[in-house]
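Undergrad:
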Amino acid sequence: MEKILVIGAAGQLGSELTRSLADQFGSEQVIATDLNESAKSKFDFCRFEVLDVMDKDRLRNLVKNESVTQIYHLAAVLSAVGEKKPLFAWELNMDSLLHVLELAREFNLNKVYWPSSIAVFGPNTPKINTPQYCVKEPNTIYGISKQAGERWCEYYFQKYNVDVRSLRYPGLIGYKSLPGGGTTDYAVDIYHKALAGEKFDCFLREDSSLPMMYMPDAIKATLDLMNAPRESVKIRSSYNLAAMNFTPKESYESILKHIPDFKIEYNPDFRQAIADSWPDSIDDSRAREDWGWNHDYDLAAMTKDILENLPNFKF
Numbered sequence: 001m002e003k004i005l006v007i008g009a010a011g012q013l014g015s016e017l018t019r020s021l022a023d024q025f026g027s028e029q030v031i032a033t034d035l036n037e038s039a040k041s042k043f044d045f046c047r048f049e050v051l052d053v054m055d056k057d058r059l060r061n062l063v064k065n066e067s068v069t070q071i072y073h074l075a076a077v078l079s080a081v082g083e084k085k086p087l088f089a090w091e092l093n094m095d096s097l098l099h100v101l102e103l104a105r106e107f108n109l110n111k112v113y114w115p116s117s118i119a120v121f122g123p124n125t126p127k128i129n130t131p132q133y134c135v136k137e138p139n140t141i142y143g144i145s146k147q148a149g150e151r152w153c154e155y156y157f158q159k160y161n162v163d164v165r166s167l168r169y170p171g172l173i174g175y176k177s178l179p180g181g182g183t184t185d186y187a188v189d190i191y192h193k194a195l196a197g198e199k200f201d202c203f204l205r206e207d208s209s210l211p212m213m214y215m216p217d218a219i220k221a222t223l224d225l226m227n228a229p230r231e232s233v234k235i236r237s238s239y240n241l242a243a244m245n246f247t248p249k250e251s252y253e254s255i256l257k258h259i260p261d262f263k264i265e266y267n268p269d270f271r272q273a274i275a276d277s278w279p280d281s282i283d284d285s286r287a288r289e290d291w292g293w294n295h296d297y298d299l300a301a302m303t304k305d306i307l308e309n310l311p312n313f314k315f
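Here the sequence shown stands for residues 1 to 315, numbered as in the UniProt record's numbering.
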């Protein structure tokens, strides 16, 4: 039987992905871990352990003693936070990935999942329908670490046969966790402000188009990739992934259809330069061809779902 270790389980992606993994493999087969002990309350459906991913010995003991067969490594310093603490972000993002890859090699783990991001692209990347293979010159520490991580993942697959799989997520939007320090997090926070009857102060320009994805689609893509036959996973750096593209103005207008009195102001800050370096849209045809990826939600469907469900969600 598979034994799943989720690192950084309390984050925006991890909190929802961990529950889906427990649904698939059984609660007793999943161990959720996070640096913060207070995160335990999120995981009443599976076992929880406090883990600092930089503690190599603690991580190794968990993998060995629990007979772990798969690791989902989600812990990272995100884009906006990374620009404030670049050396810390590089150390955590890179060293933690190498710890996991080395454990996968040592213990011959069945699979490893590690998320990449559209942050690997840069100002010289084609911005419209950004292809799978193109120039990547990221200008944020988050993007640089993700680009380097992709190369390490492919290296460990080619040299050591580690079955590591990865997706380049666009901006992820969900209502089951609070914003976590990413440049696309305005598209999460805007719904909270709308429902609270507050004016939204947007840190990007109204016309900043970015690739986005609703969390149920991100979970679906991750599980589809990880459940795909090994021979179907033909890209071992990271797959482009896409669903929808929209601007802050379009996001605001989708909410106005439900909350007509909602107000917004645009006050771009340092995150605008980060957004400007990223693509407007993504070509994810390889994911669709290789393992059958297909998204379910567009902007209108996502907005309707969030506004219906967020008021009843308890943090």
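The C-beta atom is built at its ideal place from N, Cα and C for all residues, glycine as well. Treat the numbers as computed from the prediction; the structure is a model and nothing was measured.
Nearest-angstrom Cα distance between residue 147 and residue 117?
TA: Locating residue 147 in the sequence shown gives position 147, counting from the first residue. Locating residue 117 in the sequence shown gives position 117, counting from the first residue. Approximately 9 Å, taken between the alpha carbons.
Undergrad: Please state whether DSSP places residue 54 in a helix, a strand or coil.
TA: Looking up residue 54 in the sequence shown gives position 54. Looking at residue 54 - three-state DSSP - the assignment turns out to be coil, as it is neither helix nor strand.
Undergrad: Measure the Cβ-Cβ separation of residue 284 and residue 227 and say whether it is below 8 Å.
TA: Counted from its first residue, the sequence shown places residue 284 at position 284. Counted from its first residue, the sequence shown places residue 227 at position 227. The answer is no: Cβ separation not under 8 Å.
Undergrad: Cα-Cα, which of 194, 87, 175 and 260 is closest to residue 312?
TA: Residue mapping note: residue 312 aligns to position 312 of the sequence shown, counting from 1. Among 194, 87, 175 and 260, the Cα nearest to that of residue 312 belongs to 175.
Undergrad: With contact counted as at least three CB pairs below 8 Å, one residue from each stretch, are the segment 258–274 and the segment 218–234 in contact?
TA: In short, these stretches do not touch, since the Cβ pair count stays below three.
Undergrad: Quick one: Cα of residue 153 to Cα of residue 166, how far?
TA: One-based indexing of the sequence shown puts residue 153 at position 153. One-based indexing of the sequence shown puts residue 166 at position 166. Straight-line Cα distance between these residues: approximately 8 Å.
Undergrad: Taking the straight line between their C-alpha atoms, what separation do you get for residue 26 and residue 232?
TA: One-based indexing of the sequence shown puts residue 26 at position 26. One-based indexing of the sequence shown puts residue 232 at position 232. If I take the Cα positions, the gap works out to 25 Å.
Undergrad: Identify the continuous alpha helix (DSSP H) that holds residue 13 and give its terminal residues.
TA: Within the sequence shown, the letter at position 13 stands for residue 13. Per DSSP, residue 13 belongs to the alpha helix (DSSP H) from 12–25.
Undergrad: In three-state terms, what does DSSP make of residue 170?
TA: For the purposes of this step, residue 170 is identified with residue 170 of the sequence shown, where counting begins at 1. In the structure shown, residue 170 sits in coil (DSSP, three-state: anything other than H, G, I, E or B).
Undergrad: For residue 242, which residues from the same chain have a beta carbon less than 8 Å from its beta carbon, with the 5 sequence-adjacent residues on both sides left out?
TA: Here residue 242 refers to the residue found at position 242 of the sequence shown. Closer than 8 Å at Cβ, skipping near neighbours: 170, 211, 213, 281, 282, 283, 284 and 295.
Undergrad: Can you grab the Cα-Cα spacing for the pair residue 301 / residue 106, in whole Å?
TA: Locating residue 301 in the sequence shown gives position 301, counting from the first residue. Locating residue 106 in the sequence shown gives position 106, counting from the first residue. Approximately 45 Å, taken between the alpha carbons.
Undergrad: Give a yes or no on contact between the segment 76–92 and the segment 57–65, applying the rule of three or more CB pairs nearer than 8 Å.
TA: The segment 76–92 vs the segment 57–65: no contact.
Undergrad: Quick check on the DSSP output: what are the complete beta strand (DSSP E) runs of length 3 or more inside the segment 79–143, in order along the chain?
TA: Counting only runs of 3 or more, we get 111–113.
Undergrad: Who are the Cβ neighbours of residue 21 in its own chain at under 6 Å, not counting the five residues just before and after it?
TA: Taking the sequence shown and counting its residues from 1, one reaches residue 21 at position 21. If we look at residue 21 and ignore the five residues flanking it on each side, its Cβ neighbours are 4 and 30.
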